[in-house]
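Numbering (the working numbering), first residue to last: 92 to 426.
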């Protein structure tokens with residue numbers, strides 16, 4: 092299916108930004124919705140015209156060199172289009188893992204793929220004002236079959252709870268629910284698209300790191316924050332989830348960001364006693380400019396706003412630190 096001649100004309104532009112989904116607390120089974128896998132990777136827009144490709148992150152950073160096999164594959168795909176998708180690395184079971192994606196250039200473990208789930212512009216026609224169902228039909232005719240790198244980020248009309256349960260059992264990050272009649276709103280976080288996660292995960296800013304005297308570790312923990320009313324607030328620290336090799340690589344990234352003063356609105360008690368550590372340790376802190384974003388898994392958020400049992404999931408070089416706020420799920424209804 093080609094874009095209709097009746098659709099509005101629009102010049103090709105690199106200024107498009109992706110539409111975002113709203114976090115919700117649980118799945119639902121309402122009519123008029125379709126569901127996709129929530130891939131554990133980097134969201135990316137592919138701008139393709141006359142054989143030239145710009146593969147960009149949410150905040151417009153170029154992925155052209157970092158994920159050159161995707162860029163090369165798109166360049167060979169002779170279409171003029173703007174596509175929305177996710178760059179992932181999948182393991183032998185076909186499950187996307189963010190850790191594999193981060194280490195892809197070095198280890199080449201897993202299979203690098205670009206799952207395309209939307210088309211926003213095609214051959215001079217703006218498709219963002221078309222319902223998702225129509226955009227999907229157009230996209231289905233574009234996607235090459237059995238391609239080594241480019242895959243269809245298919246959606247299914249299913250019962251949301253059953254789809255979520257299946258995703259959870261498979262170890263997937265979650266699912267995305269989209270209204271079948273939803274229009275594409277570039278740059279907007281919409282309630283027409285909802286994300287439901289199988290585990291609790293949050294993007295946070297790395298504001299510093301601690302060292303324990305006598306410890307063989309490169310650093311003991313990362314001090315984490317999120318923005319609240321444009322002020323950086325402390326949400327705890329994470330000391331698990333990274334290898335010694337990862338720590339050394341991260342320390343090299345940290346060095347040019349070192350600063351003397353805490354970037355937090357209120358300097359946190361990073362050496363606070365608790366029932367697991369009743370005696371304070373000889374801990375030093377190194378503060379950093381709040382420009383690095385990472386992702387952590389956690390069990391819950393305590394009453395005083397700190398993450399309980401956080402584990403480091405990976406750096407997020409594709410995210411703007413100024414956009415990092417505590418993501419609170421809305422109550423799901425699907426109405």
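Ideal placement from N, C-alpha and C gives every residue a C-beta, glycine not left out.
As the structure is a computational prediction, the values presented were derived from the model and not from experiment.
If you reduce the DSSP assignment to three classes, tell me which class residue i lands in.
i: residue 389; result: coil
i: residue 226; result: helix
i: residue 251; result: helix
i: residue 275; result: coil
i: residue 195; result: helix
i: residue 412; result: helix
i: residue 352; result: coil
i: residue 321; result: coil
i: residue 183; result: coil
Determine, using beta carbons only, whether residue i and residue j come nearer to each other than 8 Å.
i: residue 294; j: residue 407; result: yes
i: residue 135; j: residue 154; result: yes
i: residue 350; j: residue 379; result: yes
i: residue 374; j: residue 311; result: yes
i: residue 133; j: residue 197; result: no
i: residue 147; j: residue 204; result: no
i: residue 346; j: residue 309; result: no
i: residue 409; j: residue 150; result: yes
Measuring alpha carbon to alpha carbon, tell me which of the options ends up nearest residue i.
i: residue 247; options: 375, 128, 392; result: 128
i: residue 166; options: 183, 145, 149; result: 145
i: residue 107; options: 98, 152, 115; result: 152
i: residue 212; options: 117, 394, 109; result: 109
i: residue 206; options: 221, 308, 217, 230; result: 230
i: residue 138; options: 168, 121, 123, 112; result: 168
i: residue 244; options: 233, 292, 405, 251; result: 233
i: residue 291; options: 174, 402, 357, 343; result: 402
Following the continuous beta strand (DSSP E) through residue i, name the residue where it begins and the one where it ends.
i: residue 138; result: 133 to 140
i: residue 302; result: 292 to 303
i: residue 206; result: 202 to 213
i: residue 111; result: 111 to 114
i: residue 309; result: Where residue 309 is concerned, there is no enclosing beta strand (DSSP E), given that its DSSP letter is neither H nor E.
Is it right to say residue i is buried, meaning 16 or more other beta carbons lie within 10 angstroms of its own, or is it exposed?
i: residue 226; result: buried
i: residue 270; result: buried
i: residue 193; result: buried
i: residue 301; result: buried
i: residue 328; result: buried
i: residue 321; result: exposed
Below 7 Å, is the gap between the Cβ of residue i and the nearest heavy atom of the ligand SAH?
i: residue 117; result: As far as ligands go, the structure on display features none, and thus does not contain the ligand SAH.
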